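In this note's numbering, the protein residues as written are 1 to 409.
Here it is as structure tokens:
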């Protein structure tokens, strides 16, 4: 007998290791489960839903008999606004409670069980198309092929890819793993005005969203459907959408930046261009790094001038930060003691097969989070070294990376 999809999601949520999640997906493999996972994780399938109606599902209809057509209409924007809310309400009333919860997670693009596209594709090869962007390696002077190199500040924000379609409503803000943000709608007309004027429709802008410090930025990202109108998009690259989806754009980095990105200069205060200098020597790179750090910045990015944009990790981009760091997925929460009694004491993660408790550096606000909002999330952890036992020495929480699914930055 086929396991209900909702129960599979619960089993996945309670299984901390990705290998176990793959086994569960294979164990419960059926068309309905594949459809649910695909609908929730496909990076370019979005439903335009910011808030779901407060309705309890108490019907008996099967999930995809009704949800399938609904998702198609929402995805193509054949249903929007009040009409969409009315139809979503009608469908919820037809479904069982369990299937209603599955649909709720699909519409919000979050299965709440720690399964990402990589895990899903291990169980069901090819189910989710790959969505990736260009990523950096740690700085290694031996990898510098020629001088000068481009040096940019490493912003303390959230990486965002802006896909610009053919209208202001056809602009999507996606994380580097393909997850859609719905908290930046006030940026759409600003970006559209610049894109239309500069003929950048059908392009992807790569950059970082900032909103004060990093915690404020993450708070803005987490406010589903709430836009305070204060976030700033900082652009550092641009390429045609077709090239992005193909995974490579051969136009050199310096041309992309000086010809395309810099055209956005002074367009609007909430649309900024990441500043760039040219460094002729390693000493000049480190001088810029020290200047950025002294000003409160996180570090710098070092980029080869003639490098293409490739949707993969490349030594054409290198980063310099103060400590080593790794992104880990939270699988559990350790209760706090003493002054943190009743709060989150530490986040439990696996580094390889070794469990690591990350308690240092947790902000007070995060310690008040409900456990269910932390399980399955990805955090950046700083550490000094890997111990002989395979653990992390002096792990310290840096950022809640709600935009990621486990890949390193």
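For each residue, glycine too, the CB sits at the ideal point set by N, CA and C.
Keep in mind it's a predicted model, so treat the numbers as computed, not measured.
By the Cβ-count criterion, residue 255 is exposed, with fewer than 16 other Cβ atoms from all chains shown falling within 10 Å of its own Cβ. Taken through DSSP and simplified to helix, strand or coil, residue 298 comes out as coil. Here residue 329 is buried: its Cβ has 16 or more other Cβ atoms, across all protein chains shown, within 10 Å.
Pairwise C-beta distances place the region 153–170 in contact with the region 197–209, as three or more of them are shorter than 8 Å.
DSSP, read as helix, strand or coil, puts residue 147 in coil. Comparing C-alpha distances from residue 115 to each of 358, 8, 279 and 257 shows the shortest one belongs to 8.
The alpha helix (DSSP H) runs lying completely inside the region 254–340 and spanning 4 residues or more are 282–294, given in chain order. When 134, 69 and 305 are compared, the shortest CA-CA separation from residue 177 is found for 134. If the five residues before and after residue 93 are omitted, its C-beta is found closer than 8 Å to the C-beta atoms of 55, 57, 58 and 59, all from its own chain and listed in chain order. The three-state secondary structure of residue 139, taken from DSSP, is coil. Short of 8 Å from the beta carbon of residue 377, and not among the five residues preceding or following it, lie these beta carbons of its own chain, in chain order: 329, 330, 400, 401 and 402. Distance from the CA atom of residue 3 to the CA atom of residue 41, rounded to whole angstroms, is 20 Å. Between residue 150 and residue 27, the CB-CB gap reaches or exceeds 8 Å.
No residue range can be given for residue 155, since it is assigned to no beta strand (DSSP E) and is classified by DSSP as neither H nor E. Cβ-Cβ distances below 7 Å link residue 261 to 235, 236, 237, 238 and 273 in the same chain, with the five nearest sequence neighbours on each side left out; the list follows chain order.
Of the other Cβ atoms in all chains shown, fewer than 16 fall within 10 Å of the Cβ of residue 394; this residue is therefore exposed. If only complete runs of 4 or more residues are kept, the region 355–395 shows the alpha helix (DSSP H) at 364–367, in order along the chain. In the structure shown, the three-state DSSP call for residue 169 is helix. In this structure, DSSP gives residue 26 a helical state, which the three-state scheme calls helix. Taking the CA atoms as reference points, residue 288 sits about 45 Å from residue 37. Burial check for residue 382: the Cβ neighbour count within 10 Å reaches 16 or more, so the residue is buried.
A Cβ-Cβ distance of about 6 Å is found for the pair residue 46 and residue 172, placing them in contact under the 8 Å criterion. By the neighbour-count criterion, in which a residue is buried when 16 or more other Cβ atoms sit within 10 angstroms of its Cβ, residue 349 is buried. Here residue 207 is bridged, per DSSP, to 160 and 235.
Secondary structure note for residue 348: its beta strand (DSSP E) is the uninterrupted segment 344–351.
Note on residue 183: 16 or more other CB atoms within 10 angstroms of its CB, so buried under the neighbour-count rule.
In the pairwise beta carbon analysis, the region 19–26 is classified as touching the region 116–124: at least three pairs are separated by under 8 Å.
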